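Read through the structure below, which is laid out as structure tokens, and then see the notes.
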Amino acid sequence: MGYSERFERFFPNLAHNIEGFHDADLGRGGDTVWGIARKFHPEEPWPPSYDRCKEIYFDEYYTPMQCEAIVNERFSFVFFVAAVNIGTGDAKQHIWTLLNMPLNGQIIGKVTLANLNAALEKDWDKQLCDFMIGMNHHYFNLHRSDPVKYPLDILEGWMNRQARALNL
182 MGYSERFERF FPNLAHNIEG FHDADLGRGG DTVWGIARKF HPEEPWPPSY DRCKEIYFDE
242 YYTPMQCEAI VNERFSFVFF VAAVNIGTGD AKQHIWTLLN MPLNGQIIGK VTLANLNAAL
302 EKDWDKQLCD FMIGMNHHYF NLHRSDPVKY PLDILEGWMN RQARALNL
């Protein structure tokens, strides 16, 4: 499969922070390999290969989140990591909240991209900080709502991965 140059830069940085096998006691997805949860990919031969995991990240996170079309590469990577951490639906809601847009959309479309890219071109570091603050609040709220389902080690992993995304 041919990937964009941007995705080829993003994926090793993401994979470095989630490599290996994690057992079913952590997180809601059960056993994971390279961050791919068996529970959410029951049709996959287990364990999936590194290359298959890369394909899943491209197809299920990078492409639907329109990461290639986001003008600021650092923001694009942070957004990609957020989608991996909490899912594409919640990550989209955080973008729409950041942009003061209605939360009723299903996709990151032309209007969202135009608004996001205009905001990033105007003041990308403010948008990035606001998005990171929103994500950290989201992680804390998940933990507070269900500390058993979202224990502190999961919260810490998400926040560390999100912070490391700034170093792309």
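When we follow the working numbering, the leftmost residue of the sequence shown carries the number 182, and every step to the right adds one.
Idealized CB from N, CA, C, for every residue including glycine.
Note that this is a predicted model, so its numbers are computed, not measured.
For P229, same chain residues with a beta-carbon under 8 Å away, outside a window of 5 residues either side, are V214, W215, I217, H222 and I237 in chain order. DSSP, reduced to helix, strand and coil, places I335 within a helical segment of the structure shown. Beta-carbon to beta-carbon, W305 and F261 are separated by about 16 Å, too far to satisfy the 8 Å threshold.
Listed in chain order, the alpha helix (DSSP H) runs fully inside the segment 182-254 are 186-199 and 231-238, counting runs of at least 4 residues. Excluding the 5 residues flanking it on each side, A272 has same chain C-beta neighbours closer than 6 Å at A263 and A264, in chain order. Judged by pairs of C-beta atoms under 8 Å, the segment 290-305 touches the segment 248-255, as three or more such pairs exist. In the displayed model, I314 falls within a helix according to three-state DSSP. Distances from the alpha-carbon of P193 to those of F239, I289 and G268 put F239 closest.
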